[in-house]
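> My questions will all concern the structure given below.
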Amino acid sequence: MTEIYSNDNNTEKRVLCIYNPSNHLVTAQHLIDIFKFCGLNYQPQNLSIFQLGLTHKSYVVITNPEIEYEHLDHCVELQPSSNERLEFEGDSIIGTVVATYLFHRYGKQQEGFLTKLKTKLVRTNMLAKYSLYLGLDKHLLISKHVEDMCNGRTNERILEDTCEAFVGALFEDAYRNDMTRYGFAMQLCSDFVIRLIEDTTDFRPLISVNDNYKDLLLQLYHKTWSGIHPVYHEISVTGPTNHRIYTMGVNHPVTGQLIGQGTDRKKIVAEQTASKEALTYLEKNPPAVSADNRRSMTPTSIGWGQHRQASPMPSPTSYLSPTSTSLSPPSSPLEI
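With the first letter of the sequence shown counted as 1, position 188 gets the number 253 in the numbering used here; the numbers rise by one all the way through.
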């Protein structure tokens, strides 16, 4: 999909396969249908802002003279800019809407419960699911290379960004840079996001299943190695400043061996993947630490805090299994 060749001046140039016959610009009728699907009677005013919200960075005009691409007829033209700014705005709006929604829906729950549930509702796979539910993948403008080589229309990270950018576009279309319309724009986005959540989400497993692998690994370390904490470290950081890719690792507290690593744009997600790998490793290689070994482990040799009295050895397998909490599923009419 990408060719490199030497020209007459013996300088290398890259030829990218960008133009994509599968791309289709979203229309006003498409948008009206999407909003009706979510129970909103909204007429979009600025079609171009939604088209921008559906433009991936791989489908913008390239100004670098060292990069060439072949123009293909009958394809949507490359766009002047991508949806990254709208993604930034939509991310904040979704976070605010979900926080307020959970605050009122679970009025008797504490901050920890609300934080964990919010994290689950706005993580990558959930936002990607919302994009697919709305059919945004069909209107996404992406390069042929990204579509064919990176599974662009089903790539969860791309679909996550698309969902955020679409909400940002909806806000901007309703707001129109007029502070008197700010409240209306936020209410519209709130109705849209809440309808998405309630139409696609079963809250019972979200509440009852603990898939916070960092928390599970922390519990295992505490019980196995007398309160020692897992320590996460950066293995590598790549990409431009606005799209960093982090690879995080976690080591065995006794041997120092790397037992888990994960890669993501967000450190906390990479750490979750690293924790899951570490739990899998410890399931296959159960810790066998004697009391004498525990006494011989010092903060200097291990790298973590103070040693405390040994606890009974837990089974790592139990930490990999879905863990139920004591919370009951929602029962009131409001708690769908």
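Cβ atoms here follow ideal geometry from the backbone N, Cα and C, with glycine treated the same way.
Is L137 buried or exposed, if buried means 16 or more other CB atoms sit within 10 Å of its CB?
Exposed, by the Cβ-count rule.
> How many Å lie between F268 and Q252 at the Cα?
In a straight line, the C-alpha of F268 is about 23 Å away from that of Q252.
> With DSSP collapsed to three states, give me the class of H298.
Reduced to three states, the DSSP call for H298 is strand.
> For E225, which residues from the same chain have a beta carbon less than 6 Å from its beta carbon, with the 5 sequence-adjacent residues on both sides left out?
T189, L192, A193.
> Spatial neighbours of N220 within its chain, please: C-beta separation below 6 Å, excluding the five flanking residues on both sides.
Contacts found: none.
> Which of the three DSSP states, helix, strand or coil, is assigned to N307?
Three-state result, N307: helix.
> Runs of 4 residues minimum, wholly inside the stretch 194-251: which ones carry the alpha helix (DSSP H) assignment?
If we require 4 residues or more, the alpha helix (DSSP H) runs fully inside the stretch 194-251 come out as 209-214, 221-240.
> What's the C-alpha gap between H210 and E149?
Going from the Cα of H210 to the Cα of E149 covers about 19 Å.
> What residues in its chain sit with their C-beta under 8 Å from that of S196, if we drop five residues either side in the sequence?
These residues qualify, in order along the chain: D202, L224, E225, T227, C228, F231.
> Starting from G325 and walking both ways along the beta strand (DSSP E), at which residues does that stretch end?
Run containing G325: 323-329, per the beta strand (DSSP E) assignment.
> Within the continuous beta strand (DSSP E) that includes Y346, where are the two ends?
That residue, Y346, is in no beta strand (DSSP E); its alpha helix (DSSP H) goes 332-349.
> Is it true that the CB of L206 sits closer than 8 Å to the CB of P119?
The identity of residue 119 in the sequence shown is Leu, whereas the question assumes Pro. Contact: yes.
> Between F168, Y247, Y311, L182, which lies nearest to P270 when the distance is taken from Cα to Cα?
Closest option to P270, Cα to Cα, is L182.
> Starting from N111, follow its DSSP beta bridges and name the residues at the other end.
Partner(s): none; N111 has no beta bridge.
> Could you give the first and the last residue of the continuous beta strand (DSSP E) run that contains I132?
Run containing I132: 132-134, per the beta strand (DSSP E) assignment.
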